[in-house]
Structures are given as C-alpha cells and as structure tokens.
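Letter by letter, the sequence shown follows residues 0 to 409 of numbering that gives the first Met the number 0.
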Amino acid sequence: MTVLPIILVAASLVLAQAPTDPPSNQTGRLPALGWNTWNAYGCNINESKVLAAANQFVSLGLKNAGYEYINIDDCWSVISGRDSSGRIVPDPTKFPNGISGVASQVHALGLKIGIYSDAGTNTCAGFPGSLGHEVTDATTFASWGIDYLKYDNCNVPNNWTDSSSPPGGDWYNSNSAIRYRQMAAALAHISHPIQLDICIWGLADVWTWGARVGHSWRMLGDASPTWSYIMNIIKVNVAHLDAVDFFGHNDMDMMEIGNGDLSIQEERTHFAAWAFFKSPILLGTDLSQLTSEEIGIITNKELLAFSQDTIIGTPAMPFIAFPGAPTTSPPEYYAGASSKGIHVFIINTSSSTASKNFALSNVPGLGTSGNFKIHDMWSSSDLSGIFSANSSFTVDVQAHDTVAYLITRA
Ligand code: GAL
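Written out as structure tokens, the structure reads:
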C-alpha cells in the first residue's frame, strides 16, 4: 500500500466515526429571544448582574413579550483548569452559588438559562474549552439545568482546523463541523434538551450544515454598536436566507440596542432586521439603562410576532420594489409572509430622509388584483385608505430607519 491510500483510509475512518446526531427537536424551533452578558459586560460578570437581567425581564415586560433566555457568555469558570473529575468549575467569586444556583433562580422566574463554551482547547478569553471533553461538559451543563449552549470557535488545535475546502466542498464533513458534531452528539445523549448555537463567525460555509448540527449559527465576527456593522451583517445574511426555517436560524449576533451611539432610527432598523430575518434576538446591554422608547422597540408585539410565527418559518427576502428599480447593497426592500398576511419592510440605508416606494403588484405573494389595506407594525395602526393591486405606495423614511407593514386584503 502506498502512502496516499493509507491517508485516505485513515481519513474515511475518522469520517465514519464522526457522530451524526441531529439537534434536539424539543427546543430551538423558533429564533431564541433572550439576553447575553457579553455585549453588556464582557468578562466583568457575576451572579448579581445575571439575576438583575432576569428580574428585569419580568419587571420591564420583556418576559411577557416572549423573551426567555438569560445567557452567560465567556469568563464564568475558573481559568486555571478543571477539577479532579475533569469538570469545568464555576468561578466561586463571580458565582458563589455556582451556575446551578443561578439556574434555579432564573428557572424560578419562569425563564431559561444559557451557558458558553468553546470547540477548542480554551475559550476566546482563555478559560477551559470543551474540545475532547464534550460528554463531560454536556453532562455537567445538563446537571446544572442549562437550556442553551453558545459554542465558540477559538483556540482550535491545528489538526482540527480546515486550511482549504474539504473534498467535494462538503463542509459537513470538515474538521470544523466535526468539532461541533461532537458536542451535538454529547447533547443528544442527555435527557434535558439544550439549544445549540454554533458560534463559528460565518466560517466553514456553516449555513450549509448548521441545521444538521445545531439550532442557530453565527454568520459573521463580533457585532459592534455601529451602523456599519448593521449594514455589513445584513449584506452577509441576505446571501444565505434560504438556510433559515423552523429549527435553523442564521445568527446575526447579539443585540447592541442601548450600546454606543446608535440613533433611535438605527436601533429600529437593528431590531426590525433581526426580527424579519428570524435571527436570534439576544439583548446585550444593561437593561436598567434602556429608555422607554428603546423598550418600546424591543417589545414591539407585531415584529416579535413575525419573528416567532408558529406557522411560517421562513424570513422576509429582498424584492424588486417596482419594475426597473435599482439594486442596492444591502437591499432596502424586503417582503415575507406570516400567518397574518404579507409584510413589507423598507430600510432607508442613506443618511438623509428619503422617499421610498413600491408597486403593490411587485410584492411577492400579494397577488395582482383586488384591494388591500396597509397596517403600520410599529404604531399598530392601519394607514388611511385602500390600496389597489395596481397602485404604488410611497413613504418618507428617516435616515437609517425601517418602516414595517402588514398588507392584507381590504
Ligand atoms: C467571541 C464571540 C463573542 C464572545 C467572545 C467571548 O468569539 O464571537 O460573541 O462570545 O468570543 O470571548
């Protein structure tokens, strides 16, 4: 036998052994709604900050609006290593009652709790990672009552990376995907369903295999509270909207509403886009600092209902607003169906107020005859008038703002 066949046989043995367990169908059917420590606090986390967010979910009406997950990100464990049984140890200073102590208090509020680990030797901040410890860690997380795992992609040993496209472009069988498949298999063998977010920053063509391994997958590197991030992630995401349906969601990263100096219009676009693309919506700020206008945005019932529709799992998609309309990057006009009707979302990507218009007959799914009424999802009110299928609709949209409509037959 020459060297090449030996390598091929060895490679196929690894593939044959790589687990193929699908993600749980007991969780993750709809995009997650919740909160995560990272954008708000980075590594500076502790039990009281996590419990404060959980209590604010109740007091600010977020729980009533459907927000459910309280997720602990990086830096929650003892950095020096595992205990004598090989388990990751919660930092006793930050979490004096352990993660299980936080979990039981979060559960007592009727909420769910998430944790963070990494498909490498260490997390991005250098804490113990789960590669090679998947069964131990999944079992530990389950014993603490964890409901959601964000699984990151730092500190990957060389033999577990992918320097080029795998044979046949089959990224499901890449080293990257197999690292995540190992954790998916470990989660599949515990009785408690744990939602899995694949935090792989849009690498390894994750949208082609994410739904076979987890419930959501990051499409890009880390968010920032900037308009340029919002534009950039929308551009990336629109190329892969076919991947999104029940149980599988492109993750546009955690929310920045309340952070930096996003304008209220930019915050509306941020929220609307995450909702109409059916990304997880994980708030990422100190909730006590939100203004009532910001709370109004993140609890908007109609946008949340589009995100959480139980009948239609697909996101809104770009459409051509009228015959011959110019194309822009990212697109400005989106349409999608919900169980209530057809929706149109228009983002004004320019930095001044602009007049936007679309022909009703160009809206996919609306039909080309009859009359319609148009309902503003932000203000929850019908626009005056009846709009015929062969009419055009025009609206002035403020700089960087997004309008959101439900269109139904009159
Ligand atoms: C990054 C990840 C962030 C955050 C951070 C923690 O890789 O994309 O969302 O989890 O690690 O160190």
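Backbone N, C-alpha and C define an ideal beta-carbon position, used for all residues, glycine too.
My output table needs one value for residue i: the three-state DSSP class, helix, strand or coil.
i	result
P166	helix
F270	helix
A10	Reliability of the predicted coordinates at A10 is poor, the pLDDT of 48 falling under 50, and the value obtained from them is presented with this limitation in mind. DSSP places A10 in helix when its eight states are reduced to three.
W75	coil
H399	coil
H106	helix
N158	helix
I296	helix
F276	coil
F392	strand
N54	helix
W377	coil
Y68	strand
F94	coil
A439	Residue 439 cannot be examined here, being either before or after the span of the chain that is shown, 0 to 409.
S84	coil
N231	helix
F305	helix
A358	strand
A210	helix
S387	strand
D244	strand
N63	helix
D260	coil
P4	Confidence at P4 is low in this model, with a pLDDT of 48, below 50, so the placement of that residue should be treated as unreliable; the coordinate-derived value is given next. Helix, per DSSP.
D136	helix
G100	helix
L365	coil
L286	helix
S328	coil
E265	helix
E46	helix
Can the beta-carbon of residue i be found closer than 8 Å to that of residue j?
i	j	result
M182	Y228	no
I193	L186	yes
G283	M253	yes
L405	H342	yes
W206	L219	no
G128	N154	yes
G113	I145	yes
T290	G60	no
T135	G85	yes
T401	I345	yes
D161	S175	yes
F371	F386	yes
R473	C198	Since the displayed the chain opens at 0 and closes at 409, residue 473 lies outside it and no answer follows.
S103	P89	no
T348	E331	yes
G209	A184	no
E265	W226	yes
A388	G364	no
S338	I311	yes
F140	L130	no
W170	D204	yes
G410	E293	Any property of residue 410 remains undetermined from this structure, which presents the chain solely from 0 to 409.
G27	H214	yes
L108	V57	yes
F270	N249	no
L359	F392	yes
A52	L286	yes
I189	T120	no
From the beta carbon of residue i, is the nearest beta carbon of chain D less than 8 Å away?
i	result
V402	In the structure shown, chain D does not exist; there is a single protein chain.
Based on DSSP bridge pairs, tell me the residues matched to residue i.
i	result
N121	P127
H342	G335 and L405
S116	Y150
H239	Bridge partners of H239: none, in fact.
L281	G33
M316	A334
N249	W216
P224	DSSP, once it has assigned bridges, lists no residue as partnering P224.
P89	S76
F321	Looking at the DSSP assignment, F321 forms no beta bridge with any residue, so it has no partner.
A353	V396
N370	S387
K411	This structure gives no information on residue 411, because the portion of the chain shown stretches from 0 to 409.
Answer yes or no: the CB of residue i versus the heavy atoms of the ligand NAP, is any distance below 7 Å?
i	result
D250	Absence of the ligand NAP from the depicted structure is noted, with the ligand GAL being the only ligands included.
Inset, instruction - Give, in chain order, every unbroken run of the alpha helix (DSSP H) that is at least 4 residues long and sits entirely within the stretch 169–196. - result: Correct list: 174–187.
Legend entry - Runs of alpha helix (DSSP H) wholly within the stretch 12–42 (minimum 4 residues, chain order): 37–40
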